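According to the working numbering, the sequence shown is numbered sequentially starting from 67. Heads up, the beta-carbon is just placed ideally off N, CA and C, and yes, glycines get one too. Since the model is a prediction, treat every value here as computed from it, not as a measurement. Presented below is the structure to which this report refers.
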Amino acid sequence: MPREIERKFLLKNDNWKSQFTSRTIIKQGYLNTQKERTVRVRIFGEKGFLTIKGETVGISRLEFEYEIPIKEAKDLLQLCEKPFIEKERFVVLDRKLKWEIDVFVGDNEGLKLAEVELEDECQDVEIPEWIGEEVTFDNRYFNSSLVKLPFKNW
Numbered sequence: 067m068p069r070e071i072e073r074k075f076l077l078k079n080d081n082w083k084s085q086f087t088s089r090t091i092i093k094q095g096y097l098n099t100q101k102e103r104t105v106r107v108r109i110f111g112e113k114g115f116l117t118i119k120g121e122t123v124g125i126s127r128l129e130f131e132y133e134i135p136i137k138e139a140k141d142l143l144q145l146c147e148k149p150f151i152e153k154e155r156f157v158v159l160d161r162k163l164k165w166e167i168d169v170f171v172g173d174n175e176g177l178k179l180a181e182v183e184l185e186d187e188c189q190d191v192e193i194p195e196w197i198g199e200e201v202t203f204d205n206r207y208f209n210s211s212l213v214k215l216p217f218k219n220w
């Protein structure tokens, strides 16, 4: 069964910028933002995706992601709640872990988050010096929550 296990952090500084290996523009919207399930449409660079996520328990949840034609992703975005989540994602490889740094724009401009996906919930994580406070358990930082209460309104 596909499972997403991740931890989420604020950034302490921009020292990660000298280490990133890729960057991608992301635009996403939500067809459903209920706590028990979210349904997300995402344009990731030049590809479209439909993602269904279950309720988060601890630091994990069920996740099903399917690539869809980019035209369909653009059309489905028009059915999504507003505002869209818009961000630039940077990938940083540090100590055998892949960190994804999201720099938000639009209604969530000013927010910068780092996420690390893990193999299991008990996996040790060496925290890079540019990582700040952990916000894994703060629901305000879920992308599906940022649609309802954007960062600019905090």
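{"query": "From Gln144, Leu215, Phe156 and Ile92, residue whose alpha carbon lies closest to that of Trp236", "result": "The question about residue 236 has no answer, for the chain in this structure spans 67 to 220."}
{"query": "Reference Asn81; option with closest CA among Glu72, Gly198 and Phe130", "result": "Gly198"}
{"query": "Span of the beta strand (DSSP E) around Ser126", "result": "Ser126 to Ile134"}
{"query": "Start-to-end residues for the beta strand (DSSP E) that takes in Lys119", "result": "Lys113 to Gly120"}
{"query": "Residue range of the unbroken beta strand (DSSP E) whose run includes Lys178", "result": "Lys178 to Glu183"}
{"query": "Proximity below 8 angstroms, CB of Glu121 to CB of Arg103", "result": "yes"}
{"query": "For Glu133 and Pro68, the rounded distance between their alpha carbons", "result": "15 angstroms"}
{"query": "Reduced DSSP category for Lys148 - H, G, I as helix; E, B as strand; rest coil", "result": "coil"}
{"query": "Three or more C-beta pairs below 8 angstroms linking the region 74–91 and the region 192–208", "result": "yes"}
{"query": "Phe115 to Asp190 span [Cα, whole Å]", "result": "30 angstroms"}
{"query": "Straight-line gap, Thr99 to Val213 (C-alpha atoms, nearest Å)", "result": "9 angstroms"}
{"query": "Beta-carbon gap between Ile125 and Ile71 smaller than 8 angstroms", "result": "yes"}
{"query": "C-beta contact flag for Phe208 and Leu177 at 8 angstroms", "result": "no"}
{"query": "Proximity of Leu179 and Asp168 at Cβ, strictly below 8 angstroms", "result": "yes"}
{"query": "Cβ pair Gly95, Cys146 closer than 8 angstroms", "result": "yes"}
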